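Novice:
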Amino acid sequence: MGHPLRVTVLGATGSIGLSTLDVIGRHPERYQAFALTGFSRMAELAKLCLVHRPRYAVVPDETNAALLRDTLSEAGLNAVTEVLVGADALCQVASHTDVDVVMAAIVGAVGLKPTLAAVQAGKRVLLANKEALVMSGALFMQAVKENQALLLPIDSEHNAIFQCLPTQQGNDLRALGVRRILLTASGGPFRTWPLEALAQASPEQACAHPNWSMGRKISVDSASMMNKGLELIEACWLFNARPDQVEVVIHPQSVIHSMVDYVDGSVLAQLGNPDMRTPIAHALAWPERVDSGVSPLDLIRIGHLEFETPDEVRFPCLALARQAAEAGGIAPAMLNAANEVAVAAFLDQRIRFTQIPILIAQVLESEAITAATSLDDVLLADRVARQHAERWLQQRNL
Ligand code: NAD
Ligand code: MG
């Protein structure tokens with residue numbers, strides 16, 4: 001083997017970023033941190049820089065850059081790690097000629113440009129930032145093809161589906177003998193709550209996921225099942241599926257991470273403990289396998305696996321996402337933007353949990369759904385949807 005693969009971790013200080021660096025740290029002969037980026041939790045970023053000694057660190061502003069430079073020079077690492085500032089630097093470290101692998105683990109629409117920069121530079125791109133793909137769908141997949149990037153899904157469901165399909169993405173599912181994709185969902189913390197209680201749900205309750213420990217935005221998305229809606233759209237792009245070829249199945253144990261149902265009646269599933277280091281290690285090493293640090297699955301202790309149909313009255317976000325998937329064009333970008341504003345407003349306690357889908361539905365109805373033929377179309381749809389959402393909040397003095 002040649003040199004260790006040089007990895008840029010976009011969003012190194014987040015839940016996925018930290019899990020990625022945990023796996024990288026287990027295999028110093030195979031992987032080396034090339035650039036680490038963070039937007040908040042600067043003390044965490046400094047700590048990561050001391051351990052992983054990347055060539056670059058990216059921070060949001062000059063104040064944080066000065067602080068990080070001080071810490072690095074105290075540790076004698078100022079010649080090892082160069083500190084860069086701002087959004088352009090994210091694209092720079094994502095597309096740098098010396099980078100082999102980019103982990104796209106920034107949360108939300110802000111991750112689109114750097115993720116796309118990695119794709120355009122033809123990198124091996126590990127995609128956790130599902131919002132980027134949801135927003136720009138066809139354009140993103142076209143860029144993957146044109147630049148011969150290797151796109152590997154990190155979302156546990158999509159990583160599972162990838163493992164259960166015979167070849168890479170972009171194929172004709174029917175030709176592969178696939179009847180449908182079974183996208184599993186835990187149902188989140190509110191699956192069994194009385195419906196009337198949902199209006200009183202607090203951010204803390206929404207973020208207390210039964211099986212996974214994740215960032216706050218995706219935790220709220222899991223509680224509303226918008227996460228599964230975004231994942232439905234993500235699956236359509238990654239695996240060249242129509243929305244009606246993807247069925248959502250509630251599976252509260254989160255042991256089966258998704259399945260592929262074939263025309264001969266075979267159903268292939270990928271199982272494992274709910275720990276993101278498994279899909280991360282899979283995508284880092286693919287087509288090889290490396291240890292992830294995840295403990296072996298103990299099926300006897302788990303005992304039983306359950307399955308249910310999702311309740312679209314309880315989870316209106318799921319239906320909204322399916323509609324956006326079917327509408328196509330700028331609809332998924334608008335859905336995503338409205339959801340980001342709604343989730344932030346819920347986390348700030350400006351709106352109730354049950355107002356999240358109401359706000360999103362309003363935004364989707366406020367604009368004609370046009371085609372998304374360029375990145376500018378997508379970014380404009382994102383901006384306009386955010387403006388509509390903010391206006392909705394202001395009109396209610398929220
Ligand atoms: P997180 O909130 O823990 O981390 C987000 C990261 O993005 C942090 O490093 C943060 O500093 C960075 N960031 C936030 N705003 C930024 C900005 N404006 N500019 C630059 N960087 C910014 O989130 P997470 O749970 O790690 O999720 C990251 C992505 O992975 C999300 O898209 C999420 O949907 C996806 N994902 C996460 C999980 C999980 O288990 N956590 C599972 C599947 C998919
Ligand atoms: Mg997922």
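Numbered continuously in full-length UniProt numbering, the sequence shown closes out at residue 398.
We treat Cβ as the ideally placed atom computed from N, Cα and C, and that holds for glycine.
Computed from a predicted structure; not experimentally measured.
Reducing DSSP to helix, strand and coil, say where SER258 ends up.
Specialist: Along the sequence shown, one-based indexing puts residue 258 at 258. The answer is strand: DSSP assigns SER258 an E or B state.
Novice: May I ask you to report which of helix, strand or coil DSSP gives THR71?
Specialist: Here residue 71 refers to the residue found at position 71 when the sequence shown is read from its first residue. Correct three-state label for THR71: helix.
Novice: Report whether the distance from the Cβ of VAL51 to the nearest heavy atom of ligand 1 is below 6 Å.
Specialist: Mapped onto the sequence shown, residue 51 falls at position 51. Relative to ligand 1, VAL51 has its C-beta separated by 6 Å or more from all heavy atoms.
Novice: Considering only the alpha carbon of each residue, which of ASN171, ALA160, ALA109 lies closest to THR184?
Specialist: Working through the sequence shown from its first residue, we reach residue 184 at position 184. Taking the Cα of THR184 as reference, the smallest distance to any Cα among ASN171, ALA160, ALA109 is reached at ALA160.
Novice: If we ignore side chains and look at the alpha-carbon of each, how far apart do ALA46 and LEU36 end up?
Specialist: Indexing the sequence shown from 1 puts residue 46 at position 46. Indexing the sequence shown from 1 puts residue 36 at position 36. Their backbone Cα atoms lie some 10 Å apart in a straight line.
Novice: Closest by CA to ILE330, which one among ASP376, LEU151, GLU288, ASP88?
Specialist: Along the sequence shown, read from residue 1 onward, the residue named residue 330 stands at position 330. Of the candidates ASP376, LEU151, GLU288, ASP88, the residue whose Cα lies closest to the Cα of ILE330 is ASP376.
Novice: Say the cut is 6 Å; is the CB of ASP155 nearer than that to a heavy atom of ligand 1?
Specialist: As a working note, residue 155 is residue 155 in the sequence shown. Checking every heavy atom of ligand 1 against the Cβ of ASP155, one is found closer than 6 Å.
Novice: For THR309, which of VAL58, LEU182, ALA143 has the nearest alpha-carbon?
Specialist: As a first step, residue 309 is located in the sequence shown; it is residue number 309 there, counting from the start. Of VAL58, LEU182, ALA143, the residue nearest in Cα terms is LEU182.
Novice: Please report the Cβ distance between HIS209 and SER222, rounded to the nearest whole angstrom; I am assuming they are in contact, meaning their Cβ atoms lie under 8 Å.
Specialist: As a first step, residue 209 is located in the sequence shown; it is residue number 209 there, counting from the start. As a first step, residue 222 is located in the sequence shown; it is residue number 222 there, counting from the start. About 6 Å; that satisfies the 8 Å criterion.
Novice: Check whether the Cβ atoms of TYR31 and VAL7 sit closer than 7 Å, and answer yes or no.
Specialist: In the sequence shown, counting from the first residue as 1, residue 31 sits at position 31. In the sequence shown, counting from the first residue as 1, residue 7 sits at position 7. With respect to VAL7, TYR31 sits close: the two C-beta atoms are nearer than 7 Å.
Novice: Ends of the alpha helix (DSSP H) at residue 401?
Specialist: With the chain represented from 1 up to 398, any question about residue 401 goes unanswered, as that position is not in the structure.
Novice: May I ask you to check if the CB of THR13 is nearer than 6 Å to at least one heavy atom of ligand 1?
Specialist: By 1-based counting over the sequence shown, the position of residue 13 is 13. True, at least one ligand heavy atom lies under 6 Å from that Cβ.
Novice: What first and last residue would you give for the alpha helix (DSSP H) that runs through ALA109?
Specialist: As a first step, residue 109 must be located in the sequence shown, where it is residue number 109. Segment: none, ALA109 is in no alpha helix (DSSP H) and carries neither H nor E.
Novice: Reducing DSSP to helix, strand and coil, say where PRO296 ends up.
Specialist: For this step, residue 296 is matched to residue 296 along the sequence shown. Correct three-state label for PRO296: coil.
Novice: Across which residues does DSSP place LEU36 in a beta bridge pair?
Specialist: As a working note, residue 36 is residue 36 in the sequence shown. Paired residues: VAL9, ALA57.
Novice: Can you name the start and end residues of the alpha helix (DSSP H) that GLN142 belongs to?
Specialist: Taking the sequence shown and counting its residues from 1, one reaches residue 142 at position 142. Taken as a continuous stretch (DSSP letters only), the alpha helix (DSSP H) holding GLN142 covers 130-146.
Novice: If you check the beta carbons only, do VAL249 and PHE307 fall under 7 Å apart?
Specialist: In the sequence shown, the residue the question calls residue 249 occupies position 249. In the sequence shown, the residue the question calls residue 307 occupies position 307. Yes, these two residues count as a Cβ contact at 7 Å.
Novice: Sorted by chain position, which residues of the same chain lie with C-beta nearer than 7 Å to PRO54's C-beta, five sequence neighbours on each side aside?
Specialist: Reading the sequence shown from its first residue, position 54 is the one you call residue 54. Contacts found: ALA33, PHE34, ALA35, LEU36, THR81.
Novice: Hey, LEU320 and ARG350: beta-carbon distance below 7 Å or not?
Specialist: As a working mapping, residue 320 is identified with position 320 in the sequence shown. As a working mapping, residue 350 is identified with position 350 in the sequence shown. With a cutoff of 7 Å on beta-carbon distance, LEU320 and ARG350 are scored as not near each other.
Novice: Can you give the Cα-Cα distance for VAL263 and GLY188, rounded to whole angstroms?
Specialist: Locating residue 263 in the sequence shown gives position 263, counting from the first residue. Locating residue 188 in the sequence shown gives position 188, counting from the first residue. Distance between the alpha carbons of VAL263 and GLY188 is about 31 Å.
Novice: Taking the alpha-carbon of ILE16 as reference, which of PHE315, VAL363, MET214 has the nearest alpha-carbon?
Specialist: Locating residue 16 in the sequence shown gives position 16, where the first residue counts as 1. The candidate whose alpha carbon is nearest that of ILE16 is MET214.
Novice: Within the continuous alpha helix (DSSP H) that includes ALA372, where are the two ends?
Specialist: Taking the first residue of the sequence shown as 1, we reach residue 372 at position 372. Unbroken run through ALA372: none, as it is neither H nor E.
Novice: When the Cα atoms are used, what is the spatial distance from VAL363 to PHE346?
Specialist: Within the sequence shown, the letter at position 363 stands for residue 363. Within the sequence shown, the letter at position 346 stands for residue 346. Rounded to whole angstroms, VAL363 to PHE346 spans 16 Å at the Cα level.
Novice: When the Cα atoms are used, what is the spatial distance from GLY293 to PRO274?
Specialist: Translated into the one-based positions of the sequence shown, residue 293 becomes position 293. Translated into the one-based positions of the sequence shown, residue 274 becomes position 274. Rounded to whole angstroms, GLY293 and PRO274 show a C-alpha spacing of 12 Å.
Novice: Alpha carbon to alpha carbon, what distance is there between LEU68 and ALA109?
Specialist: Reading the sequence shown from its first residue, position 109 is the one you call residue 109. Reading the sequence shown from its first residue, position 68 is the one you call residue 68. Each residue's Cα considered, the two are about 26 Å apart.
Novice: Between LEU77, ILE280, ASP348, MET334, which lies nearest to ARG26 when the distance is taken from Cα to Cα?
Specialist: Your numbering for residue 26 matches position 26 in the sequence shown. Of LEU77, ILE280, ASP348, MET334, the residue nearest in Cα terms is ILE280.
Novice: Should the stretch 76-92 be regarded as contacting the stretch 124-132, the criterion being three or more beta carbon pairs within less than 8 Å?
Specialist: Taking 8 Å as the limit for Cβ pairs, the verdict is that the stretch 124-132 does not touch the stretch 76-92.
Novice: GLN394 by DSSP, collapsed to three states: which one?
Specialist: Position 394 of the sequence shown holds residue 394. Helix.
Novice: Under the rule that 16 or more other beta-carbon atoms within 10 Å means buried, what is LYS145, buried or exposed?
Specialist: Residue mapping note: residue 145 aligns to position 145 of the sequence shown, counting from 1. With fewer than 16 Cβ atoms within 10 Å of its Cβ, LYS145 is classed as exposed.
Novice: By the three-class DSSP mapping on this structure, what secondary structure does LEU84 have?
Specialist: As a working mapping, residue 84 is identified with position 84 in the sequence shown. Strand.
Novice: One question on the structure: do ARG180 and ASP261 come within less than 7 Å of each other, judged by their Cβ atoms?
Specialist: Within the sequence shown, numbered from 1, the residue matching residue 180 stands at position 180. Within the sequence shown, numbered from 1, the residue matching residue 261 stands at position 261. In contact: ARG180 and ASP261 (Cβ atoms closer than 7 Å).
Novice: Please report how far the alpha carbon of PRO114 lies from the alpha carbon of ALA199, in whole angstroms.
Specialist: Position 114 of the sequence shown, counted from the start, is the residue given in the question as residue 114. Position 199 of the sequence shown, counted from the start, is the residue given in the question as residue 199. Cα-Cα distance, rounded: 36 Å.
Novice: Cβ of ILE218 within 6 Å of any heavy atom in ligand 1?
Specialist: On the sequence shown, residue 218 is found 218 positions in, with the first residue counted as 1. Answer for ILE218: yes, Cβ within range of ligand 1.
Novice: Skipping 5 residues on each side, what residues in its chain have a beta carbon closer than 6 Å to that of ALA201?
Specialist: Position 201 of the sequence shown, counting from 1, holds the residue named residue 201. Cβ neighbours of ALA201 beyond the five flanking positions: PHE353.
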